[in-house]
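In this text, residue positions in the sequence shown follow the numbering used here: the first is 515, and each later residue adds one. We put the CB at the ideal spot given by N, CA and C, even for glycine. Structure, as C-alpha coordinates:
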Amino acid sequence: TPSPQEHGLDFERLLDASAYKERFRQDMIRWGEEKRRADPGCFCQAAVEGALQPVWVSTGECTGALGHRMGVDGAPAQVVSDTRRLSDVQWFRDAYGDVVQTVRVVATEETRKRRNWVFVTGVDDAESECGLDQGVAFDWVITNDGDKVALGKQLEVLVQSLHRSL
(Lines of atoms letter the chains of each structure in order from A and count residues from 1; the text may use other names and numbers.)
(Lines give C-alpha, C1' and ligand atoms only; values in the text may rest on other atoms or scores of the structure.)
Protein backbone atom coordinates (compact mmCIF):
# COMPACT_ATOMS: atom_id res chain seq x y z
CA THR A 1 0.00 0.00 0.00
CA PRO A 2 1.51 3.35 -0.99
CA SER A 3 2.32 5.96 1.68
CA PRO A 4 0.53 9.34 1.76
CA GLN A 5 3.50 10.88 -0.06
CA GLU A 6 3.23 8.24 -2.78
CA HIS A 7 -0.39 9.32 -3.22
CA GLY A 8 0.85 12.86 -3.94
CA LEU A 9 -0.26 14.24 -0.55
CA ASP A 10 1.62 16.90 1.39
CA PHE A 11 2.79 15.00 4.49
CA GLU A 12 3.45 18.14 6.57
CA ARG A 13 -0.07 19.45 5.92
CA LEU A 14 -1.51 16.08 6.97
CA LEU A 15 0.03 16.60 10.43
CA ASP A 16 -1.87 19.78 11.24
CA ALA A 17 -5.54 20.49 11.98
CA SER A 18 -6.31 21.97 8.58
CA ALA A 19 -9.17 21.45 6.15
CA TYR A 20 -6.56 19.79 3.90
CA LYS A 21 -6.10 17.02 6.45
CA GLU A 22 -9.85 16.65 7.00
CA ARG A 23 -10.38 16.20 3.26
CA PHE A 24 -8.19 13.07 3.35
CA ARG A 25 -8.81 11.83 6.92
CA GLN A 26 -11.10 8.90 6.07
CA ASP A 27 -8.75 7.74 3.31
CA MET A 28 -5.82 7.95 5.74
CA ILE A 29 -7.76 5.90 8.31
CA ARG A 30 -8.49 3.22 5.71
CA TRP A 31 -4.86 3.18 4.59
CA GLY A 32 -3.67 2.82 8.20
CA GLU A 33 -6.11 0.00 8.87
CA GLU A 34 -4.87 -1.88 5.80
CA LYS A 35 -1.28 -1.50 7.02
CA ARG A 36 -2.22 -2.68 10.53
CA ARG A 37 -4.09 -5.72 9.21
CA ALA A 38 -0.91 -6.78 7.41
CA ASP A 39 1.33 -5.99 10.44
CA PRO A 40 -0.27 -4.73 13.69
CA GLY A 41 3.05 -3.30 14.91
CA CYS A 42 4.15 -1.61 11.67
CA PHE A 43 3.68 1.97 12.88
CA CYS A 44 5.09 1.22 16.33
CA GLN A 45 8.21 -0.29 14.81
CA ALA A 46 8.61 2.71 12.51
CA ALA A 47 8.26 5.08 15.48
CA VAL A 48 11.18 3.58 17.38
CA GLU A 49 13.43 2.67 14.49
CA GLY A 50 16.95 3.37 15.66
CA ALA A 51 15.82 4.43 19.16
CA LEU A 52 17.29 3.30 22.45
CA GLN A 53 15.36 2.52 25.63
CA PRO A 54 13.55 3.83 27.54
CA VAL A 55 10.52 4.56 25.44
CA TRP A 56 7.90 7.02 26.62
CA VAL A 57 4.54 6.65 24.93
CA SER A 58 2.32 9.72 24.81
CA THR A 59 -1.31 9.58 23.79
CA GLY A 60 -4.25 11.91 23.66
CA GLU A 61 -5.49 15.11 22.12
CA CYS A 62 -2.06 16.54 21.38
CA THR A 63 -0.52 15.33 18.17
CA GLY A 64 3.01 15.37 16.93
CA ALA A 65 5.58 13.66 14.83
CA LEU A 66 6.69 10.20 15.89
CA GLY A 67 10.10 9.61 17.32
CA HIS A 68 11.15 12.87 18.97
CA ARG A 69 14.18 12.25 21.17
CA MET A 70 14.72 13.80 24.57
CA GLY A 71 17.23 13.18 27.27
CA VAL A 72 18.74 14.36 30.51
CA ASP A 73 22.52 14.46 30.73
CA GLY A 74 22.71 12.56 27.46
CA ALA A 75 20.40 9.75 28.60
CA PRO A 76 18.40 8.54 25.63
CA ALA A 77 14.63 8.49 25.71
CA GLN A 78 12.04 8.09 23.03
CA VAL A 79 8.74 9.97 22.97
CA VAL A 80 6.11 8.45 20.74
CA SER A 81 3.17 10.80 20.53
CA ASP A 82 -0.31 10.13 19.32
CA THR A 83 -0.66 6.39 19.65
CA ARG A 84 -4.27 5.54 18.89
CA ARG A 85 -5.03 1.90 19.68
CA LEU A 86 -4.78 -0.51 22.56
CA SER A 87 -2.66 -2.74 20.31
CA ASP A 88 -0.13 0.12 19.97
CA VAL A 89 0.21 0.52 23.72
CA GLN A 90 0.46 -3.24 24.14
CA TRP A 91 3.17 -3.42 21.47
CA PHE A 92 5.31 -0.89 23.36
CA ARG A 93 4.73 -2.64 26.68
CA ASP A 94 5.64 -6.00 25.15
CA ALA A 95 8.75 -4.56 23.49
CA TYR A 96 10.02 -2.37 26.34
CA GLY A 97 8.36 -3.65 29.51
CA ASP A 98 8.07 -1.57 32.64
CA VAL A 99 10.00 1.45 31.34
CA VAL A 100 7.04 2.47 29.16
CA GLN A 101 5.06 5.37 30.57
CA THR A 102 1.69 6.23 29.04
CA VAL A 103 0.42 9.80 29.04
CA ARG A 104 -3.10 10.80 28.07
CA VAL A 105 -3.87 14.44 27.37
CA VAL A 106 -7.54 15.28 27.86
CA ALA A 107 -9.74 18.30 27.26
CA THR A 108 -13.44 18.74 27.76
CA GLU A 109 -15.71 18.67 24.74
CA GLU A 110 -16.47 22.33 25.42
CA THR A 111 -12.76 23.19 25.25
CA ARG A 112 -12.33 21.16 22.08
CA LYS A 113 -15.24 23.01 20.43
CA ARG A 114 -13.65 26.35 21.41
CA ARG A 115 -10.61 25.07 19.50
CA ASN A 116 -12.87 24.59 16.45
CA TRP A 117 -13.28 20.81 16.78
CA VAL A 118 -16.50 19.51 15.22
CA PHE A 119 -17.59 15.89 15.64
CA VAL A 120 -17.69 14.00 12.32
CA THR A 121 -19.52 10.65 12.28
CA GLY A 122 -17.36 7.90 10.84
CA VAL A 123 -14.20 9.78 11.76
CA ASP A 124 -14.39 10.88 15.38
CA ASP A 125 -16.09 7.68 16.50
CA ALA A 126 -13.60 5.43 14.65
CA GLU A 127 -10.99 3.35 16.47
CA SER A 128 -8.31 5.73 15.18
CA GLU A 129 -9.85 8.50 17.29
CA CYS A 130 -11.25 6.70 20.34
CA GLY A 131 -9.45 3.36 20.50
CA LEU A 132 -7.82 4.30 23.82
CA ASP A 133 -10.90 5.71 25.50
CA GLN A 134 -11.30 2.40 27.36
CA GLY A 135 -9.02 -0.44 28.36
CA VAL A 136 -5.85 1.49 29.22
CA ALA A 137 -4.66 2.36 32.70
CA PHE A 138 -2.62 5.45 31.87
CA ASP A 139 0.39 6.28 34.01
CA TRP A 140 -0.32 9.99 33.59
CA VAL A 141 -3.42 12.01 32.68
CA ILE A 142 -2.79 15.64 31.76
CA THR A 143 -5.71 18.07 31.52
CA ASN A 144 -5.37 20.71 28.81
CA ASP A 145 -8.45 22.92 29.09
CA GLY A 146 -6.71 26.23 28.46
CA ASP A 147 -5.39 26.99 31.96
CA LYS A 148 -1.71 27.51 31.17
CA VAL A 149 -0.65 27.62 34.83
CA ALA A 150 -2.42 24.34 35.67
CA LEU A 151 -1.05 22.72 32.52
CA GLY A 152 2.45 23.92 33.34
CA LYS A 153 2.26 22.47 36.85
CA GLN A 154 1.09 19.09 35.55
CA LEU A 155 3.82 18.99 32.93
CA GLU A 156 6.46 19.97 35.48
CA VAL A 157 5.50 17.01 37.70
CA LEU A 158 5.60 14.71 34.68
CA VAL A 159 8.98 15.99 33.48
CA GLN A 160 10.48 15.73 36.99
CA SER A 161 9.31 12.12 37.18
CA LEU A 162 10.78 11.36 33.77
CA HIS A 163 14.09 12.93 34.75
CA ARG A 164 14.25 10.74 37.86
CA SER A 165 13.55 7.67 35.71
CA LEU A 166 16.31 8.30 33.17
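Query	Result
Would you identify the three-state DSSP class for residue 598, choosing helix, strand or coil?	coil
From the DSSP output, in three-state form, read off residue 629 for me.	coil
For the pair the segment 631-645 and the segment 662-673, tell me if three or more CB-CB distances fall below 8 Å.	no
Where do the N-terminal and C-terminal ends of the beta strand (DSSP E) with residue 615 fall, by residue?	615-620
Please report how far the alpha carbon of residue 593 lies from the alpha carbon of residue 619, in whole angstroms.	14 Å
Following the continuous beta strand (DSSP E) through residue 655, name the residue where it begins and the one where it ends.	654-657
Comparing alpha-carbon positions, which option in 553, 615, 644 and 643 lies nearest residue 654?	615
Among 541, 613 and 621, which residue has its Cα nearest to the Cα of residue 642?	541
Please check the pair residue 621 and residue 658, which I expect to be a contact at CB under 8 Å, by giving their CB distance rounded to whole angstroms.	5 Å
Can you give the Cα-Cα distance for residue 602 and residue 545, rounded to whole angstroms?	16 Å
Kindly list the residues whose CB is nearer than 7 Å to the CB of residue 556, restricted to its own chain and excluding five residues on each side of it in sequence; keep chain order.	549 and 550
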